[in-house]
């Protein structure tokens with residue numbers, strides 16, 4: 044199996060795009076490759092999940108201190124404080140935590156696409172220089188085309204990420220999935236627009 048890299052588009056909507064979503068790689072305006080959707084998720088570093096759990100523990104300690112500081116004879120106030128904390132903690136854990144990492148924001152959808160690793164490497168080199176430094180005939184351009192969803196909003200919040208091929212840390216074998224840490228691309232090199240019922244995201 045050929046080791047494929049990935050490109051991912053994060054868009055501010057709750058609904059996943061239709062199967063017609065795809066990416067097109069162009070060189071000097073000539074199409075070279077068309078990438079299809081692939082399974083993949085955008086996960087924050089595990090350290091953030093650990094930090095949130097530590098925050099929850101510190102908040103619990105503060106609530107216990109507040110309970111101890113309450114004057115005697117105020118059971119209703121103590122029960123209300125405990126109930127409010129438990130409700131807040133349950134909401135945080137349900138909406139933001141999983142056993143291993145933070146949950147993706149409910150308001151955003153992330154879609155991954157296959158991308159040849161050579162294209163990823165060339166794009167990284169191109170993005171490291173000003174756009175004017177690359178001649179138009181040699182300029183790599185990637186267009187992600189996604190059907191417009193009813194809940195799509197805020198085109199300036201569309202973000203693009205790259206991910207190298209994933210290899211198992213133990214067996215060193217290629218694994219065909221794209222979940223984990225991604226490399227965010229600079230906002231000034233990503234443009235999004237609505238065109239003929241399609242969301243077009245351009246990176247060059």
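Numbering (my numbering), first residue to last: 44 to 247.
Here a beta-carbon is modelled for each residue, glycine too, at the ideal position from N, C-alpha and C.
Because the structure is a prediction, the values reported are computed rather than measured.
Start and end of the alpha helix (DSSP H) containing residue 119? 118 to 139
Would residue 210 be called buried (16 or more neighbouring beta carbons within 10 Å of its own) or exposed? exposed
Let me know the alpha helix (DSSP H) ranges lying completely inside the segment 154 to 195, each 4 residues or longer, listed in chain order. 160 to 170
Specify the secondary structure class of residue 214 as computed by DSSP and reduced to three states. coil
For residue 225, count neighbouring Cβ atoms within 10 angstroms of its own Cβ and tell me buried if that reaches 16, exposed if not. buried
Pairwise C-alpha distance: residue 46 and residue 218: 8 Å
Output yes or no for whether 9 Å exceeds the beta carbon distance between residue 184 and residue 243. no
Check this for me: beta carbons of residue 110 and residue 124, under 9 Å apart or not? yes
DSSP three-state label for residue 201, please. coil
In its own chain, which residues sit with a C-beta less than 7 Å from the C-beta of residue 229, not counting the 5 before and 5 after it? 170
Taking Cβ to Cβ, would you say residue 276 is nearer than 9 Å to residue 65? Here the chain has residues from 44 to 247 only, and residue 276 is not among them.
Restricting to Cα atoms, I'd like to know which of 222, 107, 91, 122 is closest to residue 139. 91
Please state the DSSP three-state secondary structure of residue 47. strand
Three-state secondary structure assigned by DSSP to residue 108: helix
In whole angstroms, give me the CA-to-CA distance for residue 55 and residue 86. 16 Å
If you run the structure through DSSP and keep just helix, strand and coil, what is residue 96? helix
As assigned by DSSP and simplified to three states, the class of residue 102: helix
Could you tell me the boundaries of the beta strand (DSSP E) in which residue 77 lies? 73 to 78
Any idea what DSSP makes of residue 226, helix, strand or coil? strand
Proximity winner among 128, 118, 115, 79, relative to residue 101 (alpha-carbon distances): 128
Which residues in the same chain as residue 118 place their Cβ atom closer than 7 Å to its Cβ, once the five residues preceding and following it in sequence are excluded? none
Closest to residue 231 by C-alpha separation, out of 208, 48, 201, 216, would be which residue? 201
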